[in-house]
Structure formats: C-alpha cells, structure tokens
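Trainee: This is the structure I want to talk about, given as structure tokens.
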Amino acid sequence: MDWFKEKVELDNANDRIKWLSLGPFIVTRRCNGYFCNGYKSYTRGNDDKCKTQNCGVLLAALTPSFASSKDSNPIFDNVTYYGIIKEIIEIDYWSAFNVVLFKCDWFHSQIDEYGLTRVNFIRKLCSTYDPFVLVSQVHQVFYVEGGIEADWHFVDRKFPIDFSYVEVEYEATYPDEVREHVENLNLATVSDDDISWCREGGCDAVEVLYRVKNGTSGNCHKNNDDFDETD
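For what it's worth, the working numbering labels the leading residue of the sequence shown as -3, then goes sequentially.
Have a look at this one:
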C-alpha cells in the first residue's frame, strides 16, 4: 500500500487512483440486502426470513490449472464457482466513492450424468482471501434440493429483474406458412452497463428476452430496511 501511495504521488494520476492510494475509511457498513444490475440480493441470514431465495451467486473467473505439483506451465481457463452470500459490506473511500463486496461461502460443484450442475453444501472451497467478490462480478442463481442425495442441490440461473422471459411455442406448420428459426444466438460480453441473457437448451420452444423497461443498467442500491422480506 505504501508503494502504491508513493507511486501515485510521483505520477499524474486521476482522482480515483489517488483516492484508492489513500486506502478506505476504517469504518465499513454492513447491509442485509443490495440491488444491483437487476438482481435483488440478500445475505443468507436475511434470506431465511423470505419465501423466495436471493442469496445464491455464480462467479466465472479465469483460473490456472496444473497437471501436477511440478507443472510449471499451467493452463488458464474460465472456471465457474457457486456460493451463498454471508455478508454484504460497503467500503467508503472518504466519501468520494463506495465499493460493495459480497463475502461468500463457495462450494464444490459437479455436472451429473444428465448435464445438470449441482452443488454440495457440505464441501466448502476454503481460502483466506477468496470469500470476497465485487458485487458487479457475480450473477444470481438459486438452488433446488436434489431429493435423493440430501447434501446436493441443483443450480438454476435467475434473470435480472428488468428483463422478462417470453416463451413462444409454434403450432403445426402448414405448407404455405413461413417459419423462422432462431439458432445460434450469440451474446455479447456481459458488463455492468449492459446485461443481456439468453437461456440455451434442448427445448423445442424459441426463447427470447425482451427489455421491458428503459434505464441505465449497473445502478446499485443498498437497502437494509426497504427490502420486502416476504418475497
């Protein structure tokens, strides 16, 4: 941190870098809930009071893989991690800007013989620093009990609140009818400012996402009291 501060003092850095070099204010704020990028998120403790589930998160991160302990040429690839929010922490940089972190428990996951992703809540992925993740880096998921094996829960993704999911089913096709096929829908890279999701799968229906309201994506709102805990 001292090196960072000294380097910034020597260079002509912008204001945000200067504030970062000073470090955050020593007092932080904890929130029970947070709304960001179309997702309403709760901590696990607050989520237990609700009828719905809003504490599950997904993180895709570029991770090195080693063939053995002696491997000096790791392979980097995107790895998906699944977790549950334990705490929501807002860090203040001297009233210039705020940074919000989710402190999560991350769990072992696998894909079963049917291609479904499931998570084992008994087997945690433990590390000193990895529990913390930026709120803008995660997407929301929910977990469904497997039924047969009590410790395993299946994963399903949620859509952001400012999108609606529309399923269009085609009836019988007639000889003179023109039918459009929507195939190979490619999504742009998801960012904080533009979130678009399309579910891909082996269903017969054409699945389309429509933005149903105009507004700037990426607006985040912390909330301790205004969240409806009956959701």
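The beta carbon of each residue, even a glycine, is placed where N, CA and C say it ideally should be.
Note that the structure is a prediction, hence the values are computed from the model and not measured.
Out of D126, V131, H149 and I144, state which residue places its alpha-carbon closest to the alpha-carbon of T59.
Mentor: Of the listed residues, the one whose Cα sits closest to T59 is D126.
Trainee: Please return the same chain residues whose Cβ sits closer than 7 Å to the Cβ of K82, not counting the five positions on each side in sequence.
Mentor: Only T39, R40, K99, C100 and D101 meet the Cβ criterion.
Trainee: Just to confirm my understanding: we take H177, look at its own chain, exclude 5 residues before and 5 after, and list those with CB closer than 7 Å. What are they?
Mentor: Confidence in H177 is poor, its pLDDT being 40 and thus under 50, which makes the residue's placement unreliable; the coordinate value appears in the next sentence. So the list is empty, once near-sequence residues are dropped.
Trainee: Residues in the same chain with beta-carbon distance under 7 Å from V137, minus the five sequence neighbours each way, listed in chain order, please.
Mentor: Correct list, in chain order: G52, V53, L54, Y78, V151, D152, R153 and K154.
Trainee: Using a Cβ-Cβ cutoff of less than 7 Å, which residues in the same chain neighbour E141 once the five nearest sequence positions on both sides are dropped?
Mentor: Closer than 7 Å at Cβ, skipping near neighbours: H149.
Trainee: Based on Cα-Cα distance, which residue from C46, V95 and K14 lies nearest to V129?
Mentor: Here the closest residue by C-alpha is V95.
Trainee: With C-beta atoms as the reference, is N74 less than 9 Å away from A56?
Mentor: Cβ atoms of N74 and A56: closer than 9 Å.
Trainee: Considering just the uninterrupted stretch of the beta strand (DSSP E) at L58, what are its terminal residues?
Mentor: G52 to S61 is the span of the beta strand (DSSP E), which, as asked, contains L58.
Trainee: Quick one: which unbroken alpha helix (DSSP H) runs of 4-plus residues sit fully inside the segment 16 to 47? Chain order, please.
Mentor: Segments of the alpha helix (DSSP H) lying fully in the segment 16 to 47: 40 to 43.
Trainee: I need the straight-line Cα distance from W(-1) to L16, nearest angstrom please.
Mentor: If I take the Cα positions, the gap works out to 12 Å.
Trainee: Under DSSP, the beta strand (DSSP E) around L130 begins and ends at which residues?
Mentor: Here the beta strand (DSSP E) through L130 covers F128 to L130.
Trainee: Would you tell me roughly how many angstroms separate the C-alpha atoms of D147 and G29, rounded to the nearest one?
Mentor: Rounded to the nearest angstrom, the two C-alpha atoms are 26 Å apart.
Trainee: Taking the alpha-carbon positions, what's the I85 to N116 distance?
Mentor: In a straight line, the C-alpha of I85 is about 26 Å away from that of N116.
Trainee: Exposed or buried, D43, counting other C-beta atoms within 10 Å across all chains shown (16 or more means buried)?
Mentor: With 16 or more other Cβ atoms within 10 Å, it is buried.
Trainee: Quick check on the burial criterion: 16 or more other C-beta atoms within 10 angstroms. Buried or exposed for C122?
Mentor: When all chains shown are included, C122 counts as exposed.
Trainee: Applying the 10 Å Cβ sphere with the 16-neighbour rule, what's the burial state of S105?
Mentor: Looking at its Cβ environment, which holds 16 or more other Cβ atoms inside 10 Å, S105 is buried.
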